[in-house]
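Notes to accompany the following structure.
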Amino acid sequence: MDNINTAIKDKREYSDLNLKEVEPITKINLRGKKREFFTKVGQVLSVILPTESNTSTSNQELSALWLSPDEWMIYTNTMNKEIFDRVFKEISSLNYGAVTNVSDQWVCINISGDKLYELLSMSCPFDFSKFKVTKGSTTQTIINHIDVIIHNLGDNNINLFVRRSFSNHLWDWLNDGANLL
Amino acid sequence: MFLINCPYCGVRDQSEFVSGGEAHIARPKQPTELNDDQWAEYLFMRKNIKGIQFERWNHVHGCRKWFNVARDTSNDKIEKIYKMGEQPPKI
Ligand SMILES: [Zn+2]
Chain U
0 MDNINTAIKD KREYSDLNLK EVEPITKINL RGKKREFFTK VGQVLSVILP
50 TESNTSTSNQ ELSALWLSPD EWMIYTNTMN KEIFDRVFKE ISSLNYGAVT
100 NVSDQWVCIN ISGDKLYELL SMSCPFDFSK FKVTKGSTTQ TIINHIDVII
150 HNLGDNNINL FVRRSFSNHL WDWLNDGANL L
Chain X
190 MFLINCPYCG VRDQSEFVSG GEAHIARPKQ PTELNDDQWA EYLFMRKNIK
240 GIQFERWNHV HGCRKWFNVA RDTSNDKIEK IYKMGEQPPK I
């Protein structure tokens, strides 16, 4: 099922910045509103979906990112194919909500270092002042006109998700920017 | 350029949104009973006023939700933001 191909095949280090693709990672998009949906997600994944905007929840195995009032993204690098099949069977097949495997749709880039937010702000309209001091905060925004999902891991360390077809372009842009800082 | 307070995500830059045109235009219940002029009126004619206009906006690069905005078209000042399905405010 999972074809989790790497997109970037590169890793760069600068004096205050480190960029690398994180793979393989399973990513699942969840959509639902019903009460049973939240209960089932809790049972199957052992995580409570965040209902507050721009936040996330985590357990040892996975993170759940808030995307909209009825949409979340789960990502994990330890869980196997069976977990997706179970979520799909217990939620989507029973019409409690929608479950979509987006592992190959999103590419995950990890960026860390003191100049992280300086780099992003070179072409991003989002105000990071509160975001960067709140570990676990998430946002969807645009960087250099490209849609991204950002997850703050704390201490100037983020996982950035970008659609596969834009990933190499954004990677080049990030490295161009890093060279200028 | 201006800021828009998305009712779901909070204050964001206008570049994260797209405008969906004038709000509160109801689709005719029986389109087949309209003549061409009446259909054109529904399909194409918009107020396009100078002053406070009720518009639909979509946070396309964020939560992807639709909502309504009361915006002064002469200075881009946003008077009110309210959710889909709600009545336009008295301004
Ligand atoms: Zn939003």
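Those protein sequence lines, which keep their order, are chains U and X.
For the record, in the first sequence the residue sitting at position 100 is 99 according to this note's numbering, with numbers rising by one throughout.
All you need for this note's numbering is the position in the second sequence, starting with 1, plus 189.
Glycine included, C-beta positions come from ideal geometry on N, C-alpha and C.
Looking at asparagine 158 of chain U: is its Cβ nearer than 7 Å to the Cβ of asparagine 100 of chain U?
Mapped onto the first sequence, residue 158 of chain U falls at position 159. Mapped onto the first sequence, residue 100 of chain U falls at position 101. Their beta carbons are not under 7 Å apart, which means asparagine 158 of chain U does not touch asparagine 100 of chain U by this criterion.
Residues of chain U with a CB under 7 Å from the CB of serine 204 of chain X: which are they?
By one-based count along the second sequence, residue 204 of chain X stands at place 15. Ordered by position in chain U, the residues that pass the 7 Å Cβ test against serine 204 of chain X are Pro124, Ile141.
Taking asparagine 264 of chain X as the reference, which of X:His248, X:Val249, X:Ile238, X:Lys279 has the closest Cα?
As a first step, residue 264 of chain X must be located in the second sequence, where it is residue number 75. Residue X:Ile238 is the option with its Cα nearest to asparagine 264 of chain X.
To the nearest whole angstrom, what separates the beta carbons of isoleucine 270 of chain X and phenylalanine 256 of chain X, a pair I think is in contact under 8 Å?
Position 81 of the second sequence, counting from 1, holds the residue named residue 270 of chain X. Position 67 of the second sequence, counting from 1, holds the residue named residue 256 of chain X. So it is a contact: roughly 6 Å between Cβ atoms.
Any C-beta of chain U within less than 7 Å: which residues of the region 236-260 of chain X qualify?
His250, Gly251, Cys252, Arg253, Lys254
From X:His250, X:Glu222, X:Glu275, pick the residue whose C-alpha is nearest to that of serine 208 of chain X; which is it?
Taking the first residue of the second sequence as 1, we reach residue 208 of chain X at position 19. Among X:His250, X:Glu222, X:Glu275, the Cα nearest to that of serine 208 of chain X belongs to X:His250.
Which residues does DSSP list as the beta-bridge partners of leucine 189 of chain U?
Lying before the first or after the last residue shown, residue 189 of chain U is absent from chain U, which here runs from 0 to 180.
Run the proximity test for proline 197 of chain X: is its beta-carbon closer than 6 Å to any non-hydrogen atom belonging to ligand 1?
The sequence position of residue 197 of chain X within the second sequence is 8, counting from 1. Residue 197 of chain X is actually tyrosine in this sequence, not proline. For tyrosine 197 of chain X, the shortest C-beta to heavy atom distance toward ligand 1 is below 6 Å.
Return the chain-ordered list of same chain residues with a C-beta closer than 6 Å to the C-beta of methionine 0 of chain U, the five sequence neighbours on each side being excluded.
Here residue 0 of chain U refers to the residue found at position 1 of the first sequence. Annotation note: pLDDT 44 at methionine 0 of chain U (below 50); position unreliable, coordinate value reported separately. Excluding residues within five positions, the ones whose Cβ falls inside 6 Å are Lys80.
Any contact between the region 200-215 of chain X and the region 28-42 of chain U? By contact I mean 3 or more CB pairs, one from each, below 8 Å.
Note that the region 200-215 of chain X does not touch the region 28-42 of chain U; fewer than 3 beta-carbon pairs, one per stretch, sit closer than 8 Å.
State the DSSP-derived secondary structure class of glutamate 117 of chain U, mapped to helix, strand or coil.
Residue mapping note: residue 117 of chain U aligns to position 118 of the first sequence, counting from 1. If DSSP states are grouped into helix, strand and coil, glutamate 117 of chain U belongs with the helices.
Compute the Euclidean distance between the alpha carbons of arginine 162 of chain U and aspartate 226 of chain X, then round it to the nearest angstrom.
As a position in the first sequence, residue 162 of chain U is number 163, starting the count at 1. As a position in the second sequence, residue 226 of chain X is number 37, starting the count at 1. Looking at the two C-alpha atoms, the distance is approximately 44 Å.
If we ignore side chains and look at the alpha-carbon of each, how far apart do lysine 19 of chain U and isoleucine 7 of chain U end up?
Sequence index remark: in the first sequence, residue 19 of chain U carries index 20 (1-based). Sequence index remark: in the first sequence, residue 7 of chain U carries index 8 (1-based). Roughly 9 Å between the two C-alpha positions.
Output yes if chain B places a C-beta closer than 7 Å to the C-beta of proline 68 of chain U; else output no.
This model lacks chain B altogether, as its protein chains are U and X.
Is the region 15-33 of chain U close to the region 90-100 of chain U, with three or more CB pairs under 8 Å?
yes
Would you say serine 183 of chain U lies against chain X (beta-carbon separation less than 7 Å)?
Residue numbering for chain U in the displayed model covers 0 to 180; residue 183 of chain U lies beyond these limits and cannot be assessed.
Could you check what DSSP says for threonine 38 of chain U in three-state terms: helix, strand or coil?
Position 39 of the first sequence, counting from 1, holds the residue named residue 38 of chain U. Secondary structure at threonine 38 of chain U: helix, using DSSP grouped into helix, strand and coil.
Taking the alpha-carbon positions, what's the glutamine 196 of chain U to histidine 150 of chain U distance?
Residue 196 of chain U is absent from the model: chain U starts at 0 and stops at 180.
Kindly identify the DSSP beta-bridge partner or partners of serine 289 of chain X.
There is no way to answer for residue 289 of chain X, as the model of chain X reaches only from 190 to 280.
Taking all protein chains shown into account, do 16 or more other C-beta atoms lie within 10 angstroms of the C-beta of methionine 234 of chain X, making it buried, or fewer, making it exposed?
To locate residue 234 of chain X, count along the second sequence from 1; it is residue 45. Answer is exposed; the Cβ neighbour count stays below 16.
Of all the CB atoms in chain U, is at least one closer than 7 Å to the CB of tyrosine 271 of chain X?
Position 82 of the second sequence holds residue 271 of chain X. Not one chain U Cβ lies under 7 Å of tyrosine 271 of chain X.
Under 9 Å Cβ-Cβ, which residues of chain U neighbour glycine 199 of chain X?
In the second sequence, residue 199 of chain X corresponds to position 10, counting from 1. Per Cβ cutoff of 9 Å: Ser52, Asn53.
For threonine 133 of chain U versus phenylalanine 125 of chain U, is the C-beta spacing smaller than 7 Å?
Within the first sequence, residue 133 of chain U is the residue found at index 134, counting from 1. Within the first sequence, residue 125 of chain U is the residue found at index 126, counting from 1. In this structure, phenylalanine 125 of chain U does not lie closer than 7 Å to threonine 133 of chain U by Cβ.
Is the distance from the Cβ of threonine 75 of chain U to the Cβ of threonine 25 of chain U below 7 Å?
The residue given as residue 75 of chain U occupies position 76 in the first sequence. The residue given as residue 25 of chain U occupies position 26 in the first sequence. Yes; because the gap between Cβ atoms is below 7 Å, this pair is in contact.
Does the beta-carbon of cysteine 252 of chain X, which I'm using as the reference point, lie nearer than 6 Å to any heavy atom of ligand 1?
Numbered from its first residue, the second sequence carries residue 252 of chain X at position 63. Yes, the Cβ of cysteine 252 of chain X comes within 6 Å of a heavy atom of ligand 1.
Can you find a CB in chain X that lies within less than 7 Å of the CB of aspartate 154 of chain U?
The count along the first sequence starts at 1 and reaches residue 154 of chain U at position 155. Aspartate 154 of chain U is outside the set of residues whose beta carbon lies under 7 Å from a beta carbon in chain X.
Would you say the beta carbon of histidine 248 of chain X comes nearer than 6 Å to a heavy atom of ligand 1?
Here residue 248 of chain X corresponds to residue number 59 of the second sequence, with the count starting at 1. Yes, Cβ of histidine 248 of chain X sits closer than 6 Å to a heavy atom of ligand 1.
In chain order, what residues of the same chain have a beta carbon less than 6 Å from the beta carbon of lysine 131 of chain U, not counting five sequence neighbours either side?
Along the first sequence, one-based indexing puts residue 131 of chain U at 132. Answer for lysine 131 of chain U: Tyr116, listed in chain order.
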